[in-house]
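Same order as they appear, the protein sequences are chains A and L. Residues 0 to 328 (numbering that gives the first Met the number 0) are what the first sequence spells out, left to right. Residues 0 to 327 (numbering that gives the first Met the number 0) are what the second sequence spells out, left to right. For every residue, glycine included, the Cβ atom is placed at its ideal position computed from N, Cα and C. These notes concern the structure reproduced below.
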Amino acid sequence: MAEANVAVKTLDKKELLRLYHEMALVRRLEEEAAHLYQQGKIGGFLHLYIGQEAVASGLLSVRRPEDHVLTAYRDHGVAIACGIEVKYVIAELLGKATGVSKGKGGSMHLADVRLNYWGGYAIVGSHLPLAAGIALADKYKGEPGVTICMFGDGATNIGYFHEALNLSMVWDLPVLWLCENNQYGMGTAVERASAVEEIRQKAEGYGMPNSRINGMDVLEVRGAAEEALGYVRENGTPYFLEVVTYRFQGHSIGDPERYRDKEEVDRWREADPIKIFRKHLIDTGAFSVDDLSIEEERVDQEVAEAVEFAEASPDPPPEALYENIYADS
Amino acid sequence: MAEITLIEGLRQGMDEELERDERVFIVGEDVGQRGGVFRATEGLYEKYGEDRIIDSPLAEDSIVGIGIGTALYGMRPICEIQFADFIYPAFNQIVSEAARMCYRSAGEWTVPMVIRVPYGGGIGGGLYHSQSVEAFFAHVPGLKVVVPSTPYDAKGLIKSSVRDPGPVIFLEPKRGYRLIRGEVPEDEEVLVPIGPARISRTGTDLSVFAYGMMHHYCLEAAERVAQEGINAEVIDLRTLKPVDRQTILASVAKTGRALIVHEDNLTGGYGAEIAAILAEEAFGDLDAPVRRLAGPDVPAMPYSHPFESWFMPDADRIAKAILELAAF
């Protein structure tokens, strides 16, 4: 915590407020998404980021525009932190023509290459080799970007993970491997699926520098990410950052959560990253309760307007079904 | 004009594309220092260096996954899968990622990559070094599937595939690498477009559709039956996806009979698609049922030489099928 306090002092108030706004926005977006799902307006599967907001916001607050970002299917918060406007996210969740992928992608496949955000991926671990490829291309072209590849603890038990980590070391690729350890791979606890409980130990096996940090404190995440990205940038070689976090909701909507106790969830809710950060901002005198309440109202307003935009948007036209199958068509 | 082998045509094509565009690079197992297990990339490592001819770990899903990542970000990878039989670890990357990227991003991202895949039997490779995999990939929208059977087409199609804005599965009939020779001009650029089939022998009595090594056996069979007065038209499909429906339908409109030959096993094989096209669109032109001659429905090509020759259709069996069909 001492380190976090130092970070608060060195961050300007504008950035602190932006961080708070973004985390609150992601939370509000997810609550609204759950609501829209219950109303039957979002179909399929919905994986909420509630509880993990500090990870994406802390991490991506220190990325540079040339840094590439990829993540798994729990991607709404990452999309927002990469700069996609909330209205295009909600429009995509509703499958509208105005969505960020024009209704073809949906919840798990938000992306915007103009923001160097290469998307969410629904096949666990499948995007890790892609991230290594993007980093290889940067290296080949002599460009300065770092590829930030986010994935869950569950992905570290699949072959892609091991191949990609190995390759990134063998080929000296500028990748920040970021494991969001939310302690469950779907409904299976880490210790029931992974031979090591500290995921960072897997990076040790590849001789990759690594660390494990608390993911409920946005400033701690930000500080660690800054250091890790600095390492990759300076050395042109990978770094492994394990961020311990917790999802407050089920794996996806409709998950009966038989695999964990309510007490455990309640305990983690005490460490709510938004509450912690809010308290921090008030305790350090950076902002008053009123200041933050105004920000929260702005967030509510922003999400309400985004829902309005999405609901008023047209469905995709039927001819779009056959568009973009091939790059030249 | 120089006479070269199929693999030499391929190598020349890759060399020219590497020379032309520095975004092009090759990645695969032993493609660099060793020059490829079949020597398809021989000399390229020495010429272009280790940054462009990259030896990868033995991990096919990574070879393709890395390729996709670089292609998304503006490179032009040629990924080599050493044997078609080894492609399955990469199946997810090809089908779930490469083929869908353009679609899922509503046209915003493309994956200009070539996946080179030596395939097919006839080299005594046994169960895990002999398979044909075209039917799996021809089923997938978003992929193009190409199979050259001559040195000219190998060169011209690999060059077009490198320049294609999307993912191309490039199947190489490995038995023909050194067996098949042909003339390729040295003083002009050879480019063969993806898509059109080629009528390699014109005829009037029936149409024979094939690709890869089988195309050569079909030509041989057609010459044999010509001595018995049967004039077969032979068509080298060259591109399996998107397939050249026009050439197929025009040929059958002329001959009224169709034989499809492939070495992959019969059920659910690529020939079924050609048969379906003819059933749906050429019913009125047909004077006989569409006939397929293909590998048997056994799990893989067995090792011993007699097994292998029973598995693979050859000129004898093709000639017999032609005569039966002509007599229908």
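Where does residue i land, buried or exposed, given buried means 16+ other C-beta within 10 angstroms?
i: Met213 (chain L); result: buried
i: Ala21 (chain A); result: First, the amino acid is wrong: residue 21 (chain A) is Glu here, not Ala. It is buried - the Cβ of Glu21 (chain A) has at least 16 other Cβ atoms within 10 Å.
i: Glu2 (chain A); result: In this prediction, Glu2 (chain A) scores a pLDDT of 48, lower than 50, which makes its location untrustworthy; no coordinate-derived value is stated.
i: Tyr183 (chain A); result: buried
i: Asn4 (chain A); result: Low per-residue confidence applies at Asn4 (chain A): pLDDT is 47, beneath 50, and the placement is therefore not dependable, though the value from the model is reported in the following sentence. The residue is exposed, with fewer than 16 neighbouring Cβ atoms inside 10 Å.
i: Leu258 (chain L); result: buried
i: Thr244 (chain A); result: buried
i: Gln11 (chain L); result: buried
i: His34 (chain A); result: exposed
i: Gly279 (chain A); result: Reading off the sequence, residue 279 (chain A) comes out as His, not Gly. The residue in question, His279 (chain A), is buried, as its Cβ has 16 or more Cβ neighbours within 10 Å.
i: Asp186 (chain L); result: exposed
i: Phe150 (chain A); result: buried
i: Met0 (chain A); result: Only weak support is given to the placement of Met0 (chain A): the predicted model assigns it a pLDDT of 39, under 50, and the value that follows is read from those uncertain coordinates. So Met0 (chain A) counts as exposed.
i: His128 (chain L); result: buried
i: Gln245 (chain L); result: exposed
i: Gly177 (chain L); result: According to the sequence displayed, residue 177 (chain L) carries Arg and not Gly. Answer is exposed; the Cβ neighbour count stays below 16.
i: Arg337 (chain L); result: What the structure shows of chain L is the stretch from 0 to 327, and residue 337 (chain L) is not part of that stretch, so it cannot be assessed.
i: Gly57 (chain A); result: buried
i: Glu310 (chain A); result: exposed
i: Ala136 (chain A); result: buried
i: Gly31 (chain L); result: buried
i: Thr283 (chain A); result: exposed
i: Asp374 (chain A); result: Outside the shown range of chain A, which is 0 to 328, sits residue 374 (chain A), and nothing can be said about it.
i: Ala71 (chain A); result: buried
i: Glu232 (chain L); result: buried
i: Tyr321 (chain A); result: exposed
i: Ala154 (chain A); result: buried
i: Asn234 (chain A); result: exposed
i: Asp373 (chain L); result: As shown, chain L starts at 0 and ends at 327. That puts residue 373 (chain L) outside it, with no answer to give.
i: Val169 (chain A); result: exposed
i: Arg297 (chain A); result: exposed
i: Leu43 (chain L); result: buried
List the whole-angstrom C-beta distance separating residue i from residue j, where the pair is believed to meet the contact cut-off of C-beta under 8 Å.
i: Leu92 (chain A); j: Gly105 (chain A); result: 7 Å
i: Pro229 (chain L); j: Ile93 (chain L); result: Correcting the residue type first, residue 229 (chain L) is Ile in the shown sequence and not Pro. Contact flag wrong, Cβ pair sits at about 41 Å.
i: Ser100 (chain A); j: Ala105 (chain L); result: 5 Å
i: Ser210 (chain A); j: Arg199 (chain A); result: 7 Å
i: Val26 (chain L); j: Ile62 (chain L); result: 6 Å
i: Pro192 (chain L); j: Ile3 (chain L); result: Not really, about 21 Å apart at Cβ, beyond 8 Å.
i: Glu280 (chain L); j: Leu248 (chain L); result: 6 Å
i: Asn216 (chain A); j: Ile281 (chain A); result: According to the sequence provided, residue 216 (chain A) is Asp. The question's Asn does not apply to it. Incorrect: roughly 15 Å between the Cβ atoms, too far for contact.
i: Ile133 (chain A); j: Gly68 (chain L); result: 4 Å
i: Glu196 (chain A); j: Gln51 (chain A); result: Going by Cβ atoms, the distance from Glu196 (chain A) to Gln51 (chain A) rounds to 19 Å, so no, they are not a contact pair.
i: Phe247 (chain A); j: Ala202 (chain A); result: Actually they do not touch by this definition, with Cβ atoms about 27 Å apart.
i: Gly211 (chain L); j: Ser250 (chain L); result: Contact flag wrong, Cβ pair sits at about 19 Å.
For chain D, check one thing: does any of its Cβ atoms lie closer than 7 Å to the Cβ of residue i?
i: Gly141 (chain L); result: Absence of chain D from the displayed structure is noted, the protein chains being A and L.
Does the Cβ of residue i lie closer than 6 Å to at least one heavy atom of the ligand COA?
i: Tyr230 (chain A); result: Questions concerning the ligand COA fall outside what the structure shown contains, since it holds no ligand whatsoever.
Select from the segment 97–127 of chain A all residues with a C-beta closer than 7 Å to any C-beta belonging to chain L, and list them in chain order. Ser100, Lys101, Lys103, Gly104, His108, Ala110, Val112, Trp117, Ile122 and Ser125
Scan the segment 26–47 of chain L for residues whose Cβ lies nearer than 9 Å to a Cβ of chain A and list them as they occur along the chain. Val26
On the three-pair Cβ rule with 8 Å, is the segment 156–174 of chain L touching the segment 105–118 of chain L? yes
Check each residue of the segment 45–72 of chain L: if its Cβ is closer than 9 Å to any Cβ of chain A, include it; give the result in chain order. Asp50, Arg51, Ile53, Ser55, Pro56, Ala58, Asp60, Ser61, Ile62, Val63, Gly64, Ile65, Gly66, Ile67, Gly68, Thr69, Ala70, Leu71 and Tyr72
Does the pairing of the segment 244–263 of chain L with the segment 190–208 of chain L give three or more beta-carbon distances under 8 Å? yes
Can you pull out the residues from the segment 93–110 of chain L whose beta carbon lies closer than 7 Å to at least one beta carbon of chain A? Ser95, Glu96, Cys101, Tyr102, Arg103, Ser104, Ala105, Gly106, Glu107, Trp108 and Thr109
Whether or not the segment 123–140 of chain L and the segment 9–25 of chain L are in contact is what I'm after, with contact meaning three or more pairs of Cβ atoms, one per stretch, closer than 8 Å; do they touch? no
Counting Cβ pairs, one atom from each stretch, are 3 or more of them under 8 Å apart for the segment 72–79 of chain A and the segment 45–55 of chain A? yes
Residues of the segment 165–199 of chain A with Cβ closer than 9 Å to any Cβ of chain L, in chain order: Asn165, Leu166, Val169 and Trp170
Between the segment 226–259 of chain L and chain A, which residues of the former have a C-beta closer than 9 Å to a C-beta of the latter? Pro241
Can you pull out the residues from the segment 159–181 of chain L whose beta carbon lies closer than 7 Å to at least one beta carbon of chain A? Pro164 and Gly165
Length at least 3, wholly inside the segment 218–303 of chain L: the beta strand (DSSP E) runs in chain order: 231–235, 238–240, 257–264 and 290–294
Quick one: complete beta strand (DSSP E) runs, 3+ long, within the segment 103–178 of chain L? 113–118, 143–145 and 167–172
Going along the segment 257–279 of chain L in order, which residues come within less than 8 Å of chain A, judged by CB to CB distance? none
Output, in sequence order along the chain, the residues in the segment 7–26 of chain L whose CB is closer than 8 Å to any CB in chain A. Phe24
Specify whether the segment 150–162 of chain A and the segment 124–142 of chain A touch according to this definition: at least 3 beta carbon pairs, one from each stretch, less than 8 Å apart. yes
Below 8 Å, how does it come out for the segment 59–71 of chain A and the segment 249–269 of chain A: are there three or more Cβ pairs, yes or no? no
Using a Cβ-Cβ cutoff of 8 Å, what residues of the segment 210–221 of chain L are near chain A? List them in chain order. none
At 3 residues or longer, what runs of the beta strand (DSSP E) sit wholly inside the segment 23–83 of chain L? 23–27, 52–54 and 75–79
Could you tell me whether the segment 139–153 of chain L touches the segment 298–312 of chain A, using the rule of 3 or more Cβ pairs below 8 Å? no
Select from the segment 52–72 of chain A all residues with a C-beta closer than 8 Å to any C-beta belonging to chain L, and list them in chain order. His67
Which runs of the beta strand (DSSP E), 3 residues or longer, sit entirely within the segment 288–315 of chain A? none
Are there three or more Cβ pairs, one per stretch, closer than 8 Å when the segment 179–197 of chain A is compared with the segment 22–41 of chain A? no
Taking Cβ-Cβ distances below 8 Å as the criterion, which residues of the segment 285–306 of chain L are in contact with chain A? none
Go through the segment 114–175 of chain A residue by residue and report every complete run of the beta strand (DSSP E) that reaches 3 residues or more, in order. 116–119 and 146–151
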